[in-house]
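Using UniProt numbering, read the sequence shown as starting at 1 and increasing by one per residue. Glycine included, C-beta positions come from ideal geometry on N, C-alpha and C. Note that the structure is a prediction, hence the values are computed from the model and not measured.
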Amino acid sequence: MSAFVDREDLNKALETLKNGGLILYPTDTIWGIGCDATNPEAVEKVFQLKGRDKSKSLIVLLHNDNQLASYVNEIPDVAYQLIEYTEKPLTIVYSNAKNLAPNAIAEDGSIGIRIVKHPFCEQLLQRFRKPIISTSANISGEPTAKDFDEISDAIKDGVDYIVAYDRDVTTDGKSSTVMKLDPSGKFEFIRK
Numbered sequence: 001m002s003a004f005v006d007r008e009d010l011n012k013a014l015e016t017l018k019n020g021g022l023i024l025y026p027t028d029t030i031w032g033i034g035c036d037a038t039n040p041e042a043v044e045k046v047f048q049l050k051g052r053d054k055s056k057s058l059i060v061l062l063h064n065d066n067q068l069a070s071y072v073n074e075i076p077d078v079a080y081q082l083i084e085y086t087e088k089p090l091t092i093v094y095s096n097a098k099n100l101a102p103n104a105i106a107e108d109g110s111i112g113i114r115i116v117k118h119p120f121c122e123q124l125l126q127r128f129r130k131p132i133i134s135t136s137a138n139i140s141g142e143p144t145a146k147d148f149d150e151i152s153d154a155i156k157d158g159v160d161y162i163v164a165y166d167r168d169v170t171t172d173g174k175s176s177t178v179m180k181l182d183p184s185g186k187f188e189f190i191r192k
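Dropping the structure here:
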């Protein structure tokens, strides 16, 4: 993973997000399909492209835990400690999501949020100033791509912009750990 982020690559991804388009981009885990998490039309395009069941919620990326309060009504204090001390990418599912596209939020009102540590994602999120959807770059039911070359043409052809950054990097293909955290601070692991 290179620390250098090409400004033109970043600007094209930003423009695509601002215009309600879909991007294919590297994250701190695997390649993802992304869009503006506050734009219901863009979120709908993600479901269409993946052929994903709309009852399955999506994950949202933020670059800083200070932003959590903008998208979650009640954040247990333990959430900040979990984010600070976790070594591996951690997605926390919070109850009572707000200010996101309604179709990005699960039927029970919850949302999975990951504070991302990845050079390209961090800069993209800082500049975009809104959360970005992140879902694996595959058609629902098909295996998750471990690297850029494994992503199907159907996905590559279905997005509006493909980020150049990290295309030659192979990951371990592991998704993030997912933990459900209720407002009382009680938690359970959904995916380890």
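Mind reading off the beta-carbon distance from residue 208 to Ile-151? Whole number of angstroms is fine, and I expect it under 8 Å.
In the structure as shown, the chain begins at 1 and stops at 192. Residue 208 is therefore absent and cannot be evaluated.
Leaving aside the five residues before and after Asp-65 along the sequence, list all residues of the same chain whose C-beta is less than 7 Å from its C-beta, in chain order.
Tyr-80, Ile-83 and Ile-115
Would you identify the three-state DSSP class for Ile-33, choosing helix, strand or coil?
strand
Quick one: what's got a C-beta closer than 7 Å to Arg-167's C-beta in the same chain, skipping five residues either side?
Phe-148
Distance between Lys-174 and Arg-191 (C-alpha atoms, nearest Å)
11 Å
Helix, strand or coil for Arg-129? Go by DSSP, reduced to three states.
Arg-129 falls in the coil class under three-state DSSP.
Along the chain, which unbroken stretches of the beta strand (DSSP E) at least 3 residues long are found entirely within the stretch 82-116?
90-94 and 111-115
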